[in-house]
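J.: With our numbering, the residue at position 395 of the sequence shown is 1070, and numbering never jumps.
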Amino acid sequence: MNLENLSKDLLGYTIDNRYHIESFLGEGGFGAVFLGHHIILGEPIRDVAIKIIKQEIPIGKEKEIFSEAIMQVTADANMADDAKDRIVQIYDFGLIEEKGRIGYIIMELIDGGDLGSELKAFCGPMPENIANKYIAEIAKGIAGLHALEKPIIHRDLKPDNVLLTKEKKIKIADFGLAARLNNAYHFAEGVAGTQLYMAPETLVGAYAYTQSDIFCIGVIWYQLLTNKFPFDDDITPNGKEDENAAKWRYEQRKKVKPKSPTEWHNNTCSEETERMIYKCLRFTHTERYRNAKELFDALQQKKMSRQDYFDAAIIAFEKKDFSAALSNAEAGISLNKNKNDALQFKLKHVMANTCKELGNFEDAARLYTELRLDNDKSKRIYLENELIELYENECVSHEKMGHNSKVNILTKKIKRLKSKNGFS
């Protein structure tokens, strides 16, 4: 059944009197995903994503087709909670017999887009601290799969399969190409995955290791920091995705060393992060991080600098996420409270501006005053103007509440500052 006919046939349909198909969300490699409602006793109890497999499922092939769902449900029962929280949950699966034995999978609905669209929103490379945060989250989720008694390799990690909640928390999806490792050497055979993100060994149909997922994560990491693919964008010489494409990409991974992210004009990328990415992208799997936990631990040991915190605070402020802006600015300042340089000024300034946006006038005034006393004349005048604006805003707020005594105090402060700077 083609996708257009599938959508027309299923919209408004209720599966097994429990899952009502509401609207089309998107297309995957083997079917489509719809917005649906889980119905109990005629009442919708939660929104869900309904994945529909468009091909008819032959009798006797059910277990094979639903291996993805079975694998994830098994993993959910055995994974640590902090890893499980980073994997899209599966609630149910089965067949729609009256629609020609097509399969369905009922999943957690994730409504914040994906990592690919998040990168596009930056209109260029991500700052290091933002990219590293996402990579740490991915590593944490995949670490739960790698830590199972019979480890699971995802094998199709890419930005489109890393979904985001509205709060920007990651949820890893689409285990349709994942493979369970079933012996002491932890391998699985067969070519699977999206070639642009695939490890060399899986490109040629060899064994897939936990380190194969590490390679995929390395490609995603590089892409976030550069908006490029690491291996000359991996465009084949003839521009075709034919039987020779995988072999060509295998050779590319063997001989091409990716450019430094700083060569792609991302000056936020540190040498330490660069070294970690290159380790993920090593051609030989034994030279990479052994599993996702090892990568996650390495990221946890990497400390953020004051510049990292400032970059994070600015991005959060511009997105009007004032809580994140405040916490990042505070963390940056706390790294060296006694330092009085340009970066410390910037951190305190963004903290003052954030306090103002949050309506915390008292803290904002204190910070503006501290900055005014610690800086040269040109900066003092600039900060005093900001302080005047702050007091005027606070004055309006107190006038509305009838706090006349407070209004009088603020009015005097405004007059004093204006008089000092020659304003009428």
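In this text, a Cβ means the ideal position worked out from N, Cα and C, and glycines have one as well.
Tell me which same chain residues have a C-beta within less than 7 Å of the C-beta of Ala-979, skipping the five on either side of it?
T.: Residue 979 is actually Met in this sequence, not Ala. Once the five neighbours on either side are set aside, the close Cβ partners of Met-979 are Asn-804.
J.: Closest by CA to Thr-943, which one among Asn-807, Ala-1040, Tyr-779, Ile-725?
T.: The option with the nearest alpha carbon to Thr-943 is Asn-807.
J.: Mind checking which residues open and close the alpha helix (DSSP H) that includes Lys-815?
T.: Note, Lys-815: alpha helix (DSSP H), 803-821.
J.: Within 10 angstroms of the Cβ of His-940, are there 16 or more other Cβ atoms? Answer buried if so, exposed if not.
T.: His-940 comes out exposed.
J.: For His-695, list the residues DSSP reports as bridge partners.
T.: Note: His-695 sits in a beta bridge opposite Thr-689, His-712.
J.: Taking 8 Å as the threshold, find out whether the segment 959-977 comes into contact with the segment 928-937 through three or more Cβ pairs.
T.: Touching, no.
J.: Can you grab the Cα-Cα spacing for the pair Leu-856 / Asn-1035, in whole Å?
T.: Bear in mind that the predicted position of Leu-856 carries a pLDDT of just 36, short of 50, making it unreliable; the figure below should be weighed with that in mind. Rounded to whole angstroms, Leu-856 to Asn-1035 spans 54 Å at the Cα level.
J.: So the candidates are Glu-1074, Met-873, Tyr-1066; which of them puts its Cα closest to the Cα of Ala-921?
T.: Closest by alpha carbon: Met-873.
J.: With distance defined between alpha-carbon atoms, name the residue in Ala-818, Asp-760, Leu-878 nearest to Leu-838.
T.: The option with the nearest alpha carbon to Leu-838 is Asp-760.
J.: Locate the alpha helix (DSSP H) running through Gly-893, then write down its first and last residues.
T.: Looking at the DSSP string, the run of the alpha helix (DSSP H) that includes Gly-893 is 885-901.
J.: Assign Gln-1019 to buried or exposed, taking buried as 16 or more other Cβ atoms, counted over all protein chains shown, within 10 Å of its Cβ.
T.: Buried, because 16 or more other Cβ atoms sit within 10 Å of the Cβ of Gln-1019.
J.: Can you tell which of Asn-919, Thr-885, Cys-955, Leu-700 has the C-alpha that lies nearest to the C-alpha of Val-894?
T.: The residue with the shortest Cα to Cα distance from Val-894 is Cys-955.
J.: From the DSSP output, in three-state form, read off Val-837 for me.
T.: Strand at Val-837.
J.: Assign Val-723 to one of three DSSP states: helix, strand, or coil.
T.: The answer is strand: DSSP assigns Val-723 an E or B state.
J.: Using the Cβ count rule (16 or more neighbours within 10 Å means buried), how would you classify Pro-733?
T.: With fewer than 16 Cβ atoms within 10 Å of its Cβ, Pro-733 is classed as exposed.
J.: Thinking C-alpha only, which one of Gln-730, Ser-698, Tyr-694 is nearest Gly-717?
T.: Closest by alpha carbon: Tyr-694.
J.: Once the 5 residues before and after Trp-923 are set aside, which same chain residues still bring their CB inside 8 Å of it?
T.: If we look at Trp-923 and ignore the five residues flanking it on each side, its Cβ neighbours are Thr-911, Pro-912.
J.: Does the beta-carbon of Ile-690 have 16 or more other beta-carbons within 10 angstroms, so that it is buried, or is it exposed?
T.: Result: buried.
J.: Of the choices Leu-1001, Ala-1006, Pro-834, Arg-1047, whose alpha-carbon is the least far from that of Leu-1029?
T.: It should be pointed out that residue 1029 corresponds to Thr in this sequence rather than to Leu. Nearest of Leu-1001, Ala-1006, Pro-834, Arg-1047 to Thr-1029, Cα basis: Leu-1001.
J.: By a C-beta neighbour count over all protein chains shown, 10 Å radius and 16 as the cutoff for buried, is Ala-758 buried or exposed?
T.: So Ala-758 counts as buried.
J.: Taking only runs of the alpha helix (DSSP H) that begin and end inside the segment 897-984, which ones reach a length of at least 4 residues, in chain order?
T.: You should have 920-930, 946-955, 967-976.
J.: Sort out for me which residues DSSP pairs Ile-635 with in a bridge.
T.: Because the chain here runs from 676 to 1099, residue 635 falls outside it and cannot be looked at.
J.: Are Gly-706 and Glu-697 touching if we call contact CB-CB under 8 Å?
T.: Not closer than 8 Å, so no.
J.: Return the Cβ separation of Leu-974 and Ala-814 in integer angstroms, given the expectation that the two are a contact with Cβ distance under 8 Å.
T.: Right, the Cβ-Cβ distance comes to about 7 Å (below 8 Å), so this counts as a contact.
J.: Determine whether the beta carbon atoms of Ile-728 and Gly-778 lie at a separation below 8 Å.
T.: Yes; because the gap between Cβ atoms is below 8 Å, this pair is in contact.
J.: According to the neighbour-count rule (16 or more other Cβ atoms, all chains shown, within 10 Å of its Cβ), is Leu-880 buried or exposed?
T.: The sequence given here has Gly at residue 880, not Leu. Label assigned to Gly-880: exposed.
J.: Under the three-state reduction of DSSP, which class applies to Gly-791: helix, strand or coil?
T.: It is helical.
J.: Under the three-state reduction of DSSP, which class applies to Tyr-860: helix, strand or coil?
T.: Low confidence applies here, because Tyr-860 scores a pLDDT of 29, under 50, leaving its location unreliable; read the following figure in that light. Correct three-state label for Tyr-860: coil.
J.: Met-782 and Tyr-766 - do their beta-carbons sit closer together than 8 Å?
T.: Yes, these two residues count as a Cβ contact at 8 Å.
J.: Taking its Cβ as the centre, do 16 or more other Cβ atoms sit within 10 Å of Leu-1022, making it buried, or is it exposed?
T.: Per the 10 Å Cβ criterion, buried.
J.: Closest to Glu-1032 by C-alpha separation, out of Ile-827, Glu-824, Asp-996, Leu-871, would be which residue?
T.: Ranking the options by Cα distance to Glu-1032, first place goes to Asp-996.
J.: Straight-line CA distance for Thr-959 to Phe-890?
T.: Cα to Cα, Thr-959 sits roughly 10 Å from Phe-890.
J.: Can you tell me whether DSSP reads Ser-1099 as helix, strand or coil?
T.: With a pLDDT of only 48 at Ser-1099, under the threshold of 50, the placement of this residue in the model should not be trusted; the figure read from the coordinates follows. In the structure shown, Ser-1099 sits in coil (DSSP, three-state: anything other than H, G, I, E or B).
J.: Should Pro-936 go down as buried or exposed, given a rule of 16 or more other Cβ atoms within 10 Å for buried?
T.: Classification of Pro-936: buried, given that the 10 Å Cβ count is 16 or more.
J.: From Gly-816 to Val-748, what distance separates their C-alpha atoms?
T.: About 15 Å.
J.: So the beta strand (DSSP E) Lys-846 belongs to, where does it begin and stop?
T.: Segment 845-847, the beta strand (DSSP E) holding Lys-846.
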